[in-house]
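To keep things clear, I will list the structure first and then write my remarks on it.
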Amino acid sequence: MDGIVQILKHFGWKWVGLIVSDDDTGYRARERISTELARMGGCLAFSLVIEYGAAIPYLKRKIMIETIEKTAVNVIIMFVTAKYISASLVILRYCTIPQRICITSSLFTDFITSPYNVKLTVFFNAALSLLIREGEIPDFLYFLNCFSLSNYPQSEFMEYIWQSVFHCTFPYLPWSVKPTYYRICTGNESMGGFSQTGDYRVTYRVYTAVYALARALYNLYSAQAPTNHWDKLEYMRGNLKPWQINTFVRNVTFVTPSGDTIFFNDKGDPPAQFEVMTFLLLPNRTFARQKVGSFHVLSDGTKLLHINSSADLWGPYYKEMPQSLCNEPCAPGYRKAKIEGKPSCCYDCAKCADGEMSNTT
Numbered sequence: 420m421d422g423i424v425q426i427l428k429h430f431g432w433k434w435v436g437l438i439v440s441d442d443d444t445g446y447r448a449r450e451r452i453s454t455e456l457a458r459m460g461g462c463l464a465f466s467l468v469i470e471y472g473a474a475i476p477y478l479k480r481k482i483m484i485e486t487i488e489k490t491a492v493n494v495i496i497m498f499v500t501a502k503y504i505s506a507s508l509v510i511l512r513y514c515t516i517p518q519r520i521c522i523t524s525s526l527f528t529d530f531i532t533s534p535y536n537v538k539l540t541v542f543f544n545a546a547l548s549l550l551i552r553e554g555e556i557p558d559f560l561y562f563l564n565c566f567s568l569s570n571y572p573q574s575e576f577m578e579y580i581w582q583s584v585f586h587c588t589f590p591y592l593p594w595s596v597k598p599t600y601y602r603i604c605t606g607n608e609s610m611g612g613f614s615q616t617g618d619y620r621v622t623y624r625v626y627t628a629v630y631a632l633a634r635a636l637y638n639l640y641s642a643q644a645p646t647n648h649w650d651k652l653e654y655m656r657g658n659l660k661p662w663q664i665n666t667f668v669r670n671v672t673f674v675t676p677s678g679d680t681i682f683f684n685d686k687g688d689p690p691a692q693f694e695v696m697t698f699l700l701l702p703n704r705t706f707a708r709q710k711v712g713s714f715h716v717l718s719d720g721t722k723l724l725h726i727n728s729s730a731d732l733w734g735p736y737y738k739e740m741p742q743s744l745c746n747e748p749c750a751p752g753y754r755k756a757k758i759e760g761k762p763s764c765c766y767d768c769a770k771c772a773d774g775e776m777s778n779t780t
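Oh and the sequence shown: position 311 is 730 in my numbering, straight run, nothing missing.
Right under this line is the structure:
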């Protein structure tokens, strides 16, 4: 969420549309974005809430579609959690969507690039998204190249994973897919092809999480107890409860092979480290993903957003950065005049009366 707010500030987008999921995450996002826009002198043009499930009542769906189609904003934010994505895509498929800049959460990226969503190519063309930062995992690609199912004989767990990765089936496994729909696994399939084409952003996060836990356990078992507290420390070491490790994890700080500093704030959250990506539609109707910037938070809470000024951010629709304002600032000698029924950042500019002077607001 911090990254999306920083993008709005960076480009000066003060009037945006917002689509969120019907859960705590969605409502927190709406509150945060609305508050930050107000601080910038902006506001939401519309705010839509996506409910769970694809069977959205016709009237509600019709209102949502009309709202999206008729909006005059140039920027629409999609912030929905995983289980609400399908329902939101159902809404978008019915829209004759105008040319807009879409800002999405990272969960949307797999759906943007899916060949089954060709109806949404106009909406997601030139979309901006924050993706978890990639990083180096020592020897991981070598591990994939050498990985063989024969190293795990009679392991149903590994066979189920094998089925999922290679879209094949072991018919003798309980609950496996019938050979009618998938080819039969040979067990000799190679993961070497994934080493160059795979997206290991989540894998890198798992790697850093495991490494943080390992460091925390090391700190616990190598800690020197204060005088007269050896018994308590030894008891904890021998009877450790999962929740007790939290204190040690929060105090962990280390640098990954990629140079990322991993730490945890007072809420127990790791640092926000994202890459800003844009998705551009190619002539063959597939999407190319291009890195155009980065966002990360330092240990002191400083938020840093970098946008590559030479990158092609705006795709086919805009030759330069689009504006997203309900009104241009009033000229000197004019004041803001509220328009009934319009959001707070939409106003007329009325000429000041004789003897009055307009200020910068």
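Ideal placement from N, C-alpha and C gives every residue a C-beta, glycine not left out. Remember, predicted model here, so these are calculated numbers, not experimental data.
Point to revise | Meets three-Cβ-pair contact criterion under 8 Å: the segment 451-467 and the segment 540-558 | key: Because the criterion of three Cβ pairs below 8 Å is not met, the segment 451-467 and the segment 540-558 do not touch.
Point to revise | Nearest to residue 752 (by Cα), restricted to the options 427, 738, 610, 770 | key: Checked all of 427, 738, 610, 770; the closest Cα to residue 752 is 770.
Check your understanding: residue 440 and residue 500: beta carbons closer than 8 Å?
Key -> Yes; because the gap between Cβ atoms is below 8 Å, this pair is in contact.
Exercise for review: Report buried or exposed for residue 460, applying the criterion of at least 16 other Cβ atoms within 10 angstroms of its Cβ.
Suggested key: By the neighbour-count rule (16 or more Cβ atoms within 10 Å), residue 460 is not buried but exposed.
Review point. Using DSSP with H/G/I as helix, E/B as strand and the rest coil, what is residue 456?
Key: In this structure, residue 456 counts as helix in the three-state DSSP scheme.
**Study point:** Backbone CA spacing between residue 721 and residue 673 [nearest angstrom]
**Key:** One C-alpha to the other measures close to 19 Å.
Check your understanding: For the 8 Å Cβ check, are there 3 or more pairs between the segment 575-586 and the segment 595-610?
Key -> They touch, by the three-pair rule.
Point to revise | Exposed unless 16 or more other CB atoms sit within 10 angstroms - verdict on residue 482 | key: Taking all protein chains in view, the Cβ of residue 482 is surrounded by fewer than 16 other Cβ atoms within 10 Å, so the residue is classified as exposed.
Point to revise | Beta-carbon proximity list for residue 667, same chain, < 6 Å, skipping 5 on both sides | key: For residue 667, where only same-chain residues beyond five positions count, the Cβ hits under 6 Å are 635, 638, 639.
Exercise for review: With DSSP as the reference, label residue 742 as helix, strand or coil.
Suggested key: Reduced to three states, the DSSP call for residue 742 is coil.
Check your understanding: Around the Cβ of residue 573, are there at least 16 other Cβ atoms within 10 angstroms (buried) or fewer (exposed)?
Key -> Flag for residue 573 reads exposed.
Check your understanding: Helix, strand or coil: which one does DSSP assign to residue 548?
Key -> Residue 548 falls in the strand class under three-state DSSP.
Check your understanding: Taking contact to mean at least 3 C-beta pairs separated by less than 8 Å, is the segment 688-707 in contact with the segment 656-663?
Key -> Result no; under three Cβ-Cβ pairs closer than 8 Å.
Practice item. Could you have a look at residue 569 and say whether DSSP puts it in helix, strand or coil? Key: Of the three classes helix, strand and coil, the one that applies to residue 569 here is helix, per DSSP.
Check your understanding: Buried or exposed: residue 760, going by 16 or more other Cβ atoms within 10 Å of its Cβ?
Key -> Exposed is the call here.
Review point. Is the Cβ-Cβ distance between residue 691 and residue 421 less than 8 Å?
Key: Taking 8 Å as the Cβ cut-off, residue 691 and residue 421 qualify as a contacting pair.
Exercise for review: Identify, in the order they occur along the chain, each residue of the same chain with its Cβ nearer than 7 Å to the Cβ of residue 490, setting aside the five sequence neighbours on each side.
Suggested key: Closer than 7 Å at Cβ, skipping near neighbours: 436, 464, 465.
Exercise for review: Within the same chain, show all residues whose beta-carbon is closer than 6 Å to that of residue 678, passing over the 5 residues directly before and after it, in chain order.
Suggested key: No residues qualify anywhere along the chain.
Review point. How about residue 764 and residue 432: do their beta carbons lie closer than 8 Å?
Key: No, the Cβ-Cβ distance between residue 764 and residue 432 is not below 8 Å.
Practice item. Please report how far the alpha carbon of residue 746 lies from the alpha carbon of residue 493, in whole angstroms. Key: Rounded to the nearest angstrom, the two C-alpha atoms are 13 Å apart.
Review point. Counting along the chain, where does the alpha helix (DSSP H) carrying residue 575 start and finish?
Key: DSSP places residue 575 inside the alpha helix (DSSP H), whose first and last residues are 575-585.
Review point. When you compare only the Cα positions, how much space is there between residue 717 and residue 606?
Key: Using only the alpha carbons, I get a separation of about 45 Å.
Practice item. For my contact list, residue 552 and residue 513 are in at a C-beta cut-off of 8 Å; report their separation, rounded to the angstrom. Key: That belief does not hold up - the Cβ atoms of residue 552 and residue 513 are roughly 35 Å apart, past 8 Å.
**Study point:** 8 Å Cβ shell around residue 740 - same chain, five flanking residues per side excluded
**Key:** The answer, listed in chain order, is 430, 732, 733.
Exercise for review: Select from 669, 701, 680, 497 the residue whose C-alpha is nearest the C-alpha of residue 687.
Suggested key: Each of 669, 701, 680, 497 was checked against the Cα of residue 687, and the nearest Cα belongs to 669.
Exercise for review: On the DSSP bridge assignment, give the partners of residue 766 in chain order.
Suggested key: Residue 766 is bridged by DSSP to 757.
**Study point:** Beta-ladder partner(s) of residue 674, from DSSP
**Key:** Partner(s): 680.
Review point. Whose CA, out of 611, 642, 664, 609, lies closest to the CA of residue 632?
Key: Residue 632 has its Cα closest to that of 664, out of 611, 642, 664, 609.
**Study point:** Extent of the continuous beta strand (DSSP E) run through residue 712
**Key:** First-last of the beta strand (DSSP E) with residue 712: 706-716.
Exercise for review: Check residue 668 in the structure and name its three-state DSSP category.
Suggested key: Helix, per DSSP.
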